[in-house]
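Notes follow once the structure below has been shown.
Numbering (the numbering used here), first residue to last: 539 to 888.
Written out as structure tokens, the structure reads:
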């Protein structure tokens, strides 16, 4: 079933989530399962739209076949990074999956693209006919997508099919995490291959760049800036899909006194800066994480992302301000701002 959205004023997020799951437990789960069994799922469209709209009017929902349960209910931000945290909080409040229902906060990949067809005017678009080229750039793939119908439809429709097909092939999370530039092509590129094979390439990339448990790895980046050489360390993937609930950026800048000729921290200052990182990580607990830091010209900036629904930002700033370590380093500046799309660290994505 396609995603549905309706507009309304945005209520309190937590109240909307609680109200949704209360309705789902009392009646919604059974009513929706019965509608699917009767092959009349459309009768639930208005009610589900109303309930999801009560969480946030920008969220969308979808019913599909589950991987372990019979059905999956998806509540998705539909590519809007400002709403990914809301969808994740909805999911975290969900009941345990059972034989009938499981839940997700992003569109899932489908087993076979041949089973997905989209009606576009008088034409039926089979996603299994889609082909793609993929060029690895750093830690992601830039892709060009073609479907035979693209020769006959405007660019806006090409883009719609392109994004829907990629979501169907990879799942929404993998598209946002591992795919960079996306372009439709009216003519099939000479080196194109079936879209269904892109999932294998992405799986190999994910395996290369994440730990065995799926947690991010770290990479070192080097460059130059106004103060001279820049040394940065960042997690991979450096994308909000890694932790959607961490929607507030907190920057902690520390000066260091032991400086190499390149303006980078010397051994004594490195020890002090690591002590600061450990101290702030302890304050955060599971409410946030350090995702990157960059050093140049006697100054290191630590980039944290924090769950804004907790009190972690205030505690982090209080702990950071005024910190010094044996005269080797000291916090000189702090700042916090909402940033659900992790735009403050976009320049560190490779």
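Note that the Cβ used here is the ideal one computed from N, Cα and C, for glycine as well.
Checklist entry - Do you know how far the Cα of residue 885 is from the Cα of residue 638? => result Straight-line Cα distance between these residues: approximately 43 angstroms.
Checklist entry - Are the CB atoms of residue 872 and residue 790 nearer to each other than 8 angstroms? => result Yes, they are a contact pair.
Next on the checklist: Less than 8 angstroms between the beta carbons of residue 755 and residue 774, yes or no?
Outcome noted: Yes, they are a contact pair.
Checklist entry - Under three-state DSSP, which class holds residue 782? => result Coil, per DSSP.
Item to check | Bridge-paired residues (DSSP) for residue 715 | outcome: Looking at the DSSP output, residue 715 shares a beta bridge with no other residue.
Checklist entry - Can you find at least 3 beta carbon pairs, one from the segment 835-846 and one from the segment 797-816, that sit closer than 8 angstroms? => result In this structure the segment 835-846 lies against the segment 797-816, because at least three pairs of beta carbons, one per stretch, are closer than 8 angstroms.
Checklist entry - If you drop the 5 nearest sequence neighbours on each side, which residues of the same chain put their C-beta closer than 8 angstroms to that of residue 842? => result Result list for residue 842: 787, 788, 789, 790, 818, 822, 826, 827, 828, 829, 854, in chain order.
Checklist entry - Does the separation of the CB atoms of residue 574 and residue 624 fall below 8 angstroms? => result Judged by their CB atoms, residue 574 and residue 624 are not nearer to each other than the 8 angstroms cut-off.
Item to check | First and last residue of the uninterrupted alpha helix (DSSP H) at residue 693 | outcome: Run containing residue 693: 693-708, per the alpha helix (DSSP H) assignment.
Checklist entry - Over what stretch of residues does the beta strand (DSSP E) that includes residue 640 continue unbroken? => result Annotation for residue 640: the continuous beta strand (DSSP E) segment containing it runs 639-642.
Item to check | Buried or exposed by the 16-neighbour rule on C-beta atoms within 10 Å, applied to residue 572 | outcome: That one is exposed.
Checklist entry - Should residue 688 and residue 724 be called a contact, given that it needs their Cβ atoms to be closer than 8 angstroms? => result Yes, Cβ-Cβ distance for residue 688 and residue 724 is below 8 angstroms.
Item to check | Segments assigned beta strand (DSSP E), at least 3 residues, entirely inside the segment 575-641 | outcome: For the segment 575-641, whole beta strand (DSSP E) runs of length 3 or above, ordered along the chain, are 598-603, 609-614.
Item to check | Residues near residue 761 in its chain [Cβ-Cβ closer than 7 angstroms; skip 5 each side] | outcome: Within the same chain, Cβ atoms closer than 7 angstroms to the Cβ of residue 761 are found at 768, the five residues on either side in sequence being excluded.
Checklist entry - Do you know offhand how far residue 505's Cα is from residue 561's? => result Because the chain here runs from 539 to 888, residue 505 falls outside it and cannot be looked at.
Item to check | 7 angstroms CB neighbourhood of residue 737 in its chain, flanking five on each side removed | outcome: Residues 647, 707, 708 of the same chain have their beta carbon placed closer than 7 angstroms to that of residue 737, with the five preceding and five following residues left out of the count.
Checklist entry - Which class does residue 876 belong to by DSSP, given the choice of helix, strand or coil? => result Of the three classes helix, strand and coil, the one that applies to residue 876 here is strand, per DSSP.
Checklist entry - Quick check: the segment 647-660 against the segment 626-635, are there 3 or more CB pairs under 8 angstroms? => result Taking a cut-off of 8 angstroms on C-beta distances, the segment 647-660 does not touch the segment 626-635, as fewer than three cross pairs fall below it.
Item to check | Start-to-end residues for the alpha helix (DSSP H) that takes in residue 740 | outcome: For residue 740, the uninterrupted alpha helix (DSSP H) run begins and ends at 736-747, by DSSP.
Checklist entry - Could you give the C-beta distance for residue 601 and residue 609, rounded to a whole number, given that I count them as a contact under 8 angstroms? => result Indeed they touch by this definition, with Cβ atoms about 6 angstroms apart.
Checklist entry - Can you tell me whether residue 735 is buried or exposed, with buried defined as 16 or more other CB within 10 angstroms of its CB? => result Here residue 735 is exposed: its Cβ has fewer than 16 other Cβ atoms, across all protein chains shown, within 10 Å.
Next on the checklist: For residue 563, count the other beta carbons within 10 Å of its own beta carbon; 16 or more makes it buried, fewer makes it exposed. Which is it?
Outcome noted: Counting other Cβ atoms within 10 Å of its Cβ, residue 563 stays below 16 and is therefore classed as exposed.
Item to check | Whole runs of the beta strand (DSSP E) within the segment 823-863, excluding any shorter than 3 residues | outcome: Runs found: 826-834, 837-845.
Checklist entry - Using a Cβ-Cβ cut-off of 7 angstroms (strictly less than) and excluding sequence neighbours within five positions of residue 545, which residues of its own chain qualify? => result The predicted model places residue 545 with a pLDDT of 37, which falls under 50 and marks its position as unreliable, so this point remains unresolved.
Next on the checklist: Quick check on this structure: which residue in 811, 816, 699, 845 has the alpha carbon closest to the alpha carbon of residue 655?
Outcome noted: Among 811, 816, 699, 845, the Cα nearest to that of residue 655 is on 699.
Checklist entry - Who are the Cβ neighbours of residue 793 in its own chain at under 7 angstroms, not counting the five residues just before and after it? => result Hits under 7 angstroms: 836, 837, 867, 868, 870.
Checklist entry - Taking Cβ positions, are residue 844 and residue 784 nearer each other than 8 angstroms? => result For residue 844 and residue 784, yes; Cβs fall inside 8 angstroms.
Item to check | Opposing strand residues paired with residue 721 [DSSP bridges] | outcome: According to DSSP, residue 721 bridges with 682.
Item to check | Buried or exposed (CB count within 10 angstroms, at least 16 for buried), residue 683 | outcome: Flag for residue 683 reads buried.
Checklist entry - Can you give the Cα-Cα distance for residue 810 and residue 757, rounded to whole angstroms? => result Pairing residue 810 with residue 757, the inter-Cα distance amounts to about 21 angstroms.
Next on the checklist: Between the alpha carbons of residue 802 and residue 681, how many angstroms are there, rounded?
Outcome noted: Take the alpha-carbon of residue 802 and the one of residue 681: they are about 37 angstroms apart.
Checklist entry - Leaving out the 5 sequence neighbours to the left and right, which residues in its chain are closer than 7 angstroms to residue 606 when beta-carbon positions are compared? => result Closer than 7 angstroms at Cβ, skipping near neighbours: 635, 640.
Item to check | 8 angstroms contact criterion, which residue 888 and residue 677 should meet: CB distance rounded | outcome: A Cβ-Cβ separation of about 5 angstroms places residue 888 in contact with residue 677 under the 8 angstroms criterion.
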